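Numbering-wise, the sequence shown is residues 1 to 483 according to our numbering.
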Amino acid sequence: MFRSIRWKVALGLALPILISFWGYSILHYYREKAILLKNIELSAVQLGELARGGLRHGMLNNDRDMLQSALVDIGNQQNILHVAIFDASAQLKMTDQPADFNPAPTLSSPGCVECHQPTGIVQRHSIILNTSDFKEPMLRSSILVPNEPACYQCHDPLQKELGVIITDYSLVELTDQVYGALWTDLVFSFILTMVFTIIFYGIAHFLIVKRVEILRLPLERYALGDLSARIPLEARNDEIDDLINAFNKTAESLEEELRLKELMNDARYRAVMEERHRLARELHDSTAQILGYVRNKATAVRMLIEQTKLPDAITELRQLDEAAGKVFADLRQAILDLKTDIGEGQDIGLILTEYVINFERYSDIPTEVINESIDRIQVPDGSDLQLLRIVQEALANVRKHAGATRATVMLQVNQQKTLTVTIRDNGVGFDPAENLSDRKPHFGLETMSERASAIGASFEIISEKGQGTKVIVRLPLAFQGES
């Protein structure tokens, strides 16, 4: 239970408040007690002086009955324990309750020694007594009886004080009241603190905990890989809403990134499958057919040799050598096509130049690259590979079908940021309309057209029998990196 944020917030705020309330109550108790005791001491002295005035007539007339009656009346007052008259030598002369002063106190007794120095000089007129010698805490007040001219008939005129009137006041009621007030303050502080605790608990629950609990389910789904999980907003525009916004934006970014990654993986998979199909077509259209042709020729050569027809066998061997050379060239081009890799952000001009150099080396067809752009040509992502495949297919047609003695690959970028790639040869040419009208794939033309369409490029073939062929691809550039 105490692991909950609501309890931590409530107790974290309530305990300091409770301690502060209780500390203030105790401090107030001691301060109020000190003030009350001081006021009681002053009041006791004033009451003692009034009592002395009331006893003065009896003392002047030495009327013991009158004094005794007055002492009893004073002792019957509320909170007065007893009252007594002592002479200057601390001898008890008269009291309202004689049993309470048996034995009578001396100058060294508790309540007396505190007020007297060894010299017998009175230092103060009241003191609070709360020792084991007394049944209850009390205030002892001592009022001196001065020697007056009216007293000189019975007392030495040189004597300053004739005695003292001692009155003991009970502090039980006062102590009970002060303690009662203290406990009232403590209980009230506790109740008030509980009220604050409940309020803080509710505030913490509705403003923090309840909203934090809303985060749990989306976060659990998120942890399990469900990036579509979102946390609902309550439109309070506070720190928790900021946290929720940050989480939702992060989830959206990761979901979008995952979607793009899946699209890239799908595109990569499709590219791999297309490459497999292209390679399969290459092997089927050329290599497999030629290998079948080679096998038939080898059989024919064997039969001619068995029939001792050597001139015919030599002719067949020449044809067999030519066919093997075509197979070898096809395999070399297939391997070159697979080895040619395109790194991220590479210049398509450099890629095509490198490929054409290798093509010229294994095909023995002089091939030139003309790059009319002085800037680095960077095409949109994925377009570079498709352009390379189109050039590879076009040059393969030049080698296999055109009978050309020269080929050119030209790159141009106009002011509208459109890249034009032209593959031209001086071969036998053909009629594009005738080849496309029979709805059969010829020379990979349909494949090249599909690749161009996939990247948003236009595809055009210009050819005429005996005039060579031009394959033209126009691609709008998304951006062009500067050299």
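Beta carbons: idealized from backbone N, C-alpha and C, even for Gly.
What you are looking at is a predicted structure, and each value in this text was computed from that prediction instead of being measured.
Sequence-distant partners of Thr353 (beyond 5 residues in either direction) whose C-beta falls short of 6 Å from its own C-beta, in its chain, are Val369. Here DSSP, grouped into helix, strand and coil, assigns Lys470 to strand.
The three-state reading of DSSP puts Ala313 in helix, counting H, G and I together. Around the C-beta of Val409, 16 or more other C-beta atoms lie within 10 Å, and the residue is accordingly described as buried.
Asp63 carries a coil assignment under DSSP once its states are collapsed to helix, strand and coil.
Taking a contact to require three or more Cβ pairs closer than 8 Å, the segment 139–147 and the segment 157–166 qualify as touching.
For Ala394, the uninterrupted alpha helix (DSSP H) run begins and ends at 383–397, by DSSP. CA-to-CA, the gap between Ile455 and Glu393 works out to about 16 Å.
Exclusion of the five residues before and after Glu360 leaves Thr367 as the residues of its chain whose Cβ lies within less than 6 Å of its Cβ.
Closest in C-alpha terms to Arg474, from the list Gly468, Ile17, Thr420, Ala14, comes Thr420.
Taking Lys400 as reference, the option from Ser363, Val212, Asn371 with the minimal CA-CA separation is Ser363.
Taking the Cβ atoms as the reference, Ile165 lies roughly 6 Å from Ile85, within the contact range of under 8 Å. Excluding sequence positions up to five before and after Asp87, its CB lies within less than 6 Å of the CB of Lys93, Gly163, all in the same chain and listed in chain order. Taking 8 Å as the upper bound for CB-CB distance, Leu18 and Thr193 are in contact here, some 4 Å apart.
Counting only the Cα atoms, Met138 lies some 23 Å from Gly54. Partner residues in a beta bridge of Ile351, as assigned by DSSP, do not exist. The three-state reading of DSSP puts Ile461 in strand, counting E and B together. In the three-state scheme derived from DSSP, where H, G and I count as helix and E and B as strand, Val421 is classed as strand.
For Gly444 and Gly403, the gap between their C-alpha atoms comes out near 17 Å.
In the DSSP annotation of this structure, the continuous segment of the beta strand (DSSP E) that includes Leu81 starts and ends at 80–87. The three-state reading of DSSP puts Ile365 in coil, since its state is none of H, G, I, E or B.
Looking only at Asn358, Ile365, Asn371, Glu213, the smallest Cα-Cα distance to Asp347 is reached by Asn371. By the neighbour-count criterion, in which 16 or more other beta carbons inside 10 Å mark a residue as buried, His277 falls on the exposed side. Cβ atoms of Val301 and Leu291 stay farther apart than 8 Å, at about 15 Å.
Secondary structure at Gln412: strand, using DSSP grouped into helix, strand and coil. Under the three-state reduction of DSSP output, Ala452 falls in the helix class. The alpha-carbon of Ser373 is positioned some 11 Å away from that of Thr418. Straight-line measurement puts the Cα of Leu320 at about 6 Å from the Cα of Val294. In this structure Asn296 is exposed. Its beta-carbon is surrounded by fewer than 16 other beta-carbon atoms within 10 angstroms. A distance below 7 Å between beta-carbons, with the five flanking residues on each side excluded, links Asp431 to the following residues of its chain, in chain order: Lys465. In chain order, Ile143, Val145, Ile165 place their CB closer than 7 Å to the CB of Arg52, counting only its own chain and leaving out the 5 sequence neighbours on each side.
Three or more Cβ pairs closer than 8 Å define a contact, and the segment 238–247 meets that threshold against the segment 206–226.
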